[in-house]
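2 protein chains.
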Amino acid sequence: MKKNIRIKDIAKKAGVSVGTVDRVLHNRGEVSVVTKEKILSIVKEFDYRPNILARALTLKKVYTFAVLIPYADNNNPYWAYPLKGILHAEQNLKDYNIKIEKFFFNQNSKKEFRIQFENLIKLNPQGVLLAPVFSDEVQEFTSKLQGNDIPFVFINSDKTNSKRLCFIGQDGFQSGLVAGRLASINLNKNDTILVVNITGDYKSKEHFVNRNNGFSHYFKEKPYKIIQIELKDNFTHVFDSVIAANPSVRSIYVTSSKVYKVAEYLKENSLKHIQLIGYDLIEANVKYLNHEYIDFLISQNSVKQGSKGINYLFKAVVKNETIEKQDLMPIDIITKENVKYYGA
Amino acid sequence: MKKNIRIKDIAKKAGVSVGTVDRVLHNRGEVSVVTKEKILSIVKEFDYRPNILARALTLKKVYTFAVLIPYADNNNPYWAYPLKGILHAEQNLKDYNIKIEKFFFNQNSKKEFRIQFENLIKLNPQGVLLAPVFSDEVQEFTSKLQGNDIPFVFINSDKTNSKRLCFIGQDGFQSGLVAGRLASINLNKNDTILVVNITGDYKSKEHFVNRNNGFSHYFKEKPYKIIQIELKDNFTHVFDSVIAANPSVRSIYVTSSKVYKVAEYLKENSLKHIQLIGYDLIEANVKYLNHEYIDFLISQNSVKQGSKGINYLFKAVVKNETIEKQDLMPIDIITKENVKYYGA
DNA sequence: TATAATTTCGTGTGCGAACACGGCAATAAA
DNA sequence: TTTATTGCCGTGTTCGCACACGAAATTATA
Chain A
255 MKKNIRIKDI AKKAGVSVGT VDRVLHNRGE VSVVTKEKIL SIVKEFDYRP
305 NILARALTLK KVYTFAVLIP YADNNNPYWA YPLKGILHAE QNLKDYNIKI
355 EKFFFNQNSK KEFRIQFENL IKLNPQGVLL APVFSDEVQE FTSKLQGNDI
405 PFVFINSDKT NSKRLCFIGQ DGFQSGLVAG RLASINLNKN DTILVVNITG
455 DYKSKEHFVN RNNGFSHYFK EKPYKIIQIE LKDNFTHVFD SVIAANPSVR
505 SIYVTSSKVY KVAEYLKENS LKHIQLIGYD LIEANVKYLN HEYIDFLISQ
555 NSVKQGSKGI NYLFKAVVKN ETIEKQDLMP IDIITKENVK YYGA
Chain B
255 MKKNIRIKDI AKKAGVSVGT VDRVLHNRGE VSVVTKEKIL SIVKEFDYRP
305 NILARALTLK KVYTFAVLIP YADNNNPYWA YPLKGILHAE QNLKDYNIKI
355 EKFFFNQNSK KEFRIQFENL IKLNPQGVLL APVFSDEVQE FTSKLQGNDI
405 PFVFINSDKT NSKRLCFIGQ DGFQSGLVAG RLASINLNKN DTILVVNITG
455 DYKSKEHFVN RNNGFSHYFK EKPYKIIQIE LKDNFTHVFD SVIAANPSVR
505 SIYVTSSKVY KVAEYLKENS LKHIQLIGYD LIEANVKYLN HEYIDFLISQ
555 NSVKQGSKGI NYLFKAVVKN ETIEKQDLMP IDIITKENVK YYGA
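Protein chains in written order, with our numbering: chain A, 255 to 598; chain B, 255 to 598.
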């Protein structure tokens, strides 16, 4: 393990001054082709990597990253968690002069999304982390970013067509498979499984479609009856009739973090014999998990998604490292017994 | 979010030079009580934290950490994983002049452990990460470390009596509960569950005792029969008779990472109707998980344990931060469907 | 009072990288 | 030949911190 080579060392080897080496490294011209070539070859040979500590120290320049995600509220607590991770990463990178500007929008409002991304663009950040909720708007937005040479990272869901730096999230299909495995526990032949999609006005459904597909795929050639229903936020009435019409329902799979709403329903109607599986460790879900109305939660590590997003921007923009185009988070299986280790 | 205060700022506020501030901060004396008090109060008021970038840059001093863990081999692949994490963390901290010296010993040889820790002591590292396998020897070792003011971190298992900086590992009891939950899936009343302890010559059993206790606790007041057996590495013969004597065994819980040996047995004897649960994502286990001879693996994040261990030493020794006395890793539940996300 | 010993404090240098600035040579324009 | 203009390159400073060195102020001793 030998020491890292420094600019000074390169200069000595090339028989020039550090200033010259620096000019080559930063493409600031004013260097003859001959010496440039020579320096570059040395750089390559000894695998020069700038000492980022020294760089961060000397650069008064503050890197600004921007985040564009939905805001969280009572009816939509999910996005509080990625935000937590983002703040955590910000804290971690404080020494490196990284500032993170946050822009929030209503998950159901394309208009707000558009307003916020206009604001964001004005800021001219060095990198962007965003949740690509509305396909068309995202397309438009990312084109602009590309035009300004601003790299961007997707979080939570993906739009493969765009030239993102990276996507951080979960493989929805695969998590559907896991859900299938969990939903079929303790079931008897001919029992019924209910799949519940609570999407509200949510427009970007790809995520949920993948989960459904994975789930269905798991049950090919398995002897269970599966019913799928689509619900709005306020669904008690609809649910009553579905349950009444299907008394053999023994297992429910909710494809989103709103599983706590179904849990609430099960509790109020004393339906503890029905297994319940859903997504994400938000507070309400954890409560029902502990009270055994929810049997399994699938976590997509939303907090970590946030911190990873920022860290990838840091690596790519500040450290100039190449990063993987995709980081699929583990599909954590959470029960009452192990939930306490996934909290913070 | 205002700028961090610097030594220079403190100096100005106190009406002294940076040298004086520095002397106070590092307790190098040669400062009058009055000015010392004044400086300390300013430090406190403005929550001064040294810029670790600048510090790492200026300190030619190389921090040396030492690691003392069992080595991995074919019959004992486990420790390859924490080592992986350790190497990863080392890579990450390269810029900070951290060197990590590794010392390995045979898991069953107190003699080797002793030899290696003598070697380690000679190195006089700034911090130590160790697996406290042999109680008495560890006691002796850690006393010496304390005598030399060398902080140390435990990994994988704990010895609460010693003055460790921190313990990183899993709550064995709690993981036993999780195993209980998983082992009782799809069971009928009066089915039998077999608990298998494969400990070899392994002397430090606390870890496994905790897992057993947690498992037993889960089954209090549950209508299943539970049998516990203790096996050496070569157990085929014994196992034959146990299975023969208990045809109602429908679920097996192996309390260690050697569950692949039981899986092998199940495969050779075509006992696919028996559920199998064990620990750790070592290669052999993953293979049988994919072939559905193992139903669930409980992962204790051994790789991450390694990297965390080093990072805690870094935080405590280099950054001078206080750290939690204990970091309990999540109890990851792994199935065929989600295993691929826990690999690296 | 003069000198030595000690306490108390300030200054200067270096870590590695970034960049402004200025210098020297070769060539072009006067 | 003199004066600009350009191409090419070296020097010096800065970032925040650590530490060596030495200077001043204070106290002790002759």
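The C-beta atom is built at its ideal place from N, Cα and C for all residues, glycine as well.
query: Tell me whether threonine 509 (chain A) is buried or exposed, calling it buried when 16 or more other Cβ atoms sit within 10 Å of its Cβ.; result: buried
query: In the DSSP assignment, what are the bridge partners of glutamate 484 (chain B)?; result: B:Asn451
query: Which residue marks the beginning of the alpha helix (DSSP H) containing glutamate 355 (chain B), and which one marks its end?; result: No alpha helix (DSSP H) holds glutamate 355 (chain B); the beta strand (DSSP E) holding it covers 352 to 359.
query: Below 8 Å between beta carbons: does that hold for phenylalanine 550 (chain A) and isoleucine 531 (chain A)?; result: yes
query: I'd like to know if glutamate 591 (chain A) contacts chain B, where contact means its C-beta is closer than 8 Å to some C-beta of that chain.; result: yes
query: How is aspartate 403 (chain B) classed by DSSP in three states: helix, strand or coil?; result: coil
query: Could you list the residues in the region 520 to 552 of chain A with a C-beta less than 7 Å from some C-beta on chain B, going in chain order?; result: none
query: Does DSSP put glutamine 580 (chain B) in a helix, in a strand, or in coil?; result: strand
query: For leucine 384 (chain A) and isoleucine 323 (chain A), which I take to be in contact (beta-carbon distance under 8 Å), what is that distance rounded to the nearest angstrom?; result: 7 Å
query: Is there a C-beta anywhere in chain B that falls below 8 Å from the one on asparagine 440 (chain A)?; result: yes
query: Put alanine 517 (chain B) into one of helix, strand or coil per three-state DSSP.; result: helix
query: In this structure, how does DSSP classify alanine 385 (chain A) when only helix, strand and coil are distinguished?; result: coil
query: Out of curiosity, what's the CA-to-CA distance linking asparagine 466 (chain B) and lysine 594 (chain B)?; result: 28 Å
query: Measure the alpha-carbon distance for lysine 290 (chain A) versus valine 278 (chain A) and round it to whole angstroms.; result: 6 Å
query: Under 8 Å Cβ-Cβ, which residues of chain B neighbour asparagine 305 (chain A)?; result: Leu311 and Asp349
query: Would you verify that the beta carbon of proline 331 (chain A) is, or is not, closer than 8 Å to some beta carbon of chain B?; result: no
query: Taking the beta strand (DSSP E) that alanine 320 (chain B) belongs to, which residues open and close that run?; result: 317 to 324
query: When you compare only the Cα positions, how much space is there between leucine 337 (chain B) and aspartate 327 (chain A)?; result: 43 Å
query: Tell me the DSSP secondary structure of arginine 260 (chain B) in three-state form.; result: coil
query: Using a threshold of 8 Å, state whether the C-beta atoms of isoleucine 548 (chain B) and asparagine 555 (chain B) are closer than that.; result: no
query: From leucine 582 (chain B) to glutamine 424 (chain B), what distance separates their C-alpha atoms?; result: 5 Å
query: In terms of residues, what are the limits of the alpha helix (DSSP H) holding leucine 311 (chain B)?; result: 306 to 312
query: Taking buried to mean at least 16 other C-beta atoms within 10 Å of its own C-beta, is aspartate 534 (chain A) buried or exposed?; result: buried
query: Compare the beta carbon distance of tyrosine 335 (chain A) and isoleucine 536 (chain A) with 8 Å and say whether it is the shorter of the two.; result: yes
query: Helix, strand or coil for aspartate 327 (chain B)? Go by DSSP, reduced to three states.; result: strand
query: Grab me the residues of tyrosine 302 (chain B)'s own chain with a C-beta within less than 7 Å of its C-beta, minus the 5 sequence neighbours each way, in chain order.; result: Ile259 and Ile264
query: What first and last residue would you give for the alpha helix (DSSP H) that runs through glycine 563 (chain B)?; result: 556 to 567
query: Would you mind stating whether phenylalanine 421 (chain B) and phenylalanine 406 (chain B) have Cβ atoms separated by less than 8 Å?; result: no
query: Work out the CA separation of arginine 282 (chain B) and phenylalanine 221 (chain B) for me, nearest whole Å.; result: No answer is possible for residue 221 (chain B): it lies beyond the span of chain B, which begins at 255 and ends at 598.
query: Beta-carbon of tyrosine 596 (chain B) versus every beta-carbon of chain A: anything under 8 Å?; result: yes
query: Within the 8 Å Cβ cut-off, does valine 432 (chain B) reach chain A?; result: yes
query: Could you tell me whether any Cβ in chain B is nearer than 8 Å to the Cβ of aspartate 263 (chain A)?; result: no
query: When DSSP labels each residue in this structure, what does serine 553 (chain B) get in the three-state scheme?; result: strand
query: In three-state DSSP terms, what is valine 270 (chain B)?; result: coil
query: I'd like to know whether the C-beta of proline 584 (chain B) is nearer than 8 Å to at least one C-beta of chain A.; result: yes
query: Applying a beta-carbon distance threshold of less than 7 Å, which residues of chain A neighbour alanine 308 (chain B)?; result: Leu311
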